[in-house]
Amino acid sequence: MKFYMIYSNQYATGNKPIGIASLAAILKKAGHEFKLFDCTEFSVVRKGIFTDWNKTGEKSLQFMVAQNQERLPVREEVNYEQLIDKVIVDIENFKPDMIGLSALSDDYPLGLRIMDKVKKSFL
0 MKFYMIYSNQ
10 YATGNKPIGI
20 ASLAAILKKA
30 GHEFKLFDCT
40 EFSVVRKGIF
50 TDWNKTGEKS
60 LQFMVAQNQE
70 RLPVREEVNY
80 EQLIDKVIVD
90 IENFKPDMIG
100 LSALSDDYPL
110 GLRIMDKVKK
120 SFL
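Position one of the sequence shown corresponds to residue 0 (numbering that gives the first Met the number 0), numbered consecutively onward.
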């Protein structure tokens with residue numbers, strides 16, 4: 000079986016929840032395939048204005064400012080529609096048997112929007 004997981008987080012670049020990591024390990028150990036689409040690899044442009052959501056946390060003191068900026072991953076700038084298109088193309092290429100979503104409260108609207116488009120694309 001092929002399992003595809005969408006992680007709609009936009010804030011914690013490079014961090015993967017233990018739940019996703021555990022699920023991936025269990026599925027792989029049982030002989031299944033697992034693929035993760037990680038939205039933290041992208042910076043979403045909202046209403047024509049580039050906003051790196053990871054940096055907004057610095058202003059509100061939700062996150063510490065990284066002391067080693069050069070080691071942070073490069074994040075591709077996309078708008079919502081481009082991000083959703085990337086998910087759709089990735090799913091078409093992987094051809095999963097099951098699709099899941101992992102989302103924190105702040106990321107739930109993005110996750111629902113992605114899943115709505117996925118559902119409409121594959122029905």
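Even glycine gets a Cβ: it sits at the ideal position worked out from N, Cα and C.
Closer than 8 Å by C-beta to phenylalanine 121: which residues in its own chain qualify, once you throw out the five before and the five after it? Chain order, please.
The residue given as residue 121 occupies position 122 in the sequence shown. Cβ within range, chain order: Ile90.
By the 10 Å Cβ neighbour count, where 16 or more other Cβ atoms means buried, how is methionine 0 classified, buried or exposed?
Within the sequence shown, residue 0 is the residue found at index 1, counting from 1. It counts as exposed.
Quick one: grab the DSSP three-state call for methionine 0.
Here residue 0 corresponds to residue number 1 of the sequence shown, with the count starting at 1. Reduced to three states, the DSSP call for methionine 0 is coil.
Report back the beta-carbon spacing between serine 7 and glycine 99 to the nearest angstrom; my notes put them in contact at under 8 Å.
The residue given as residue 7 occupies position 8 in the sequence shown. The residue given as residue 99 occupies position 100 in the sequence shown. Contact doesn't hold; Cβ gap of about 11 Å is too wide.
Would a C-beta distance cut-off of 8 Å place methionine 97 and phenylalanine 36 closer than the cut-off?
By 1-based counting over the sequence shown, the position of residue 97 is 98. By 1-based counting over the sequence shown, the position of residue 36 is 37. Contact: no.
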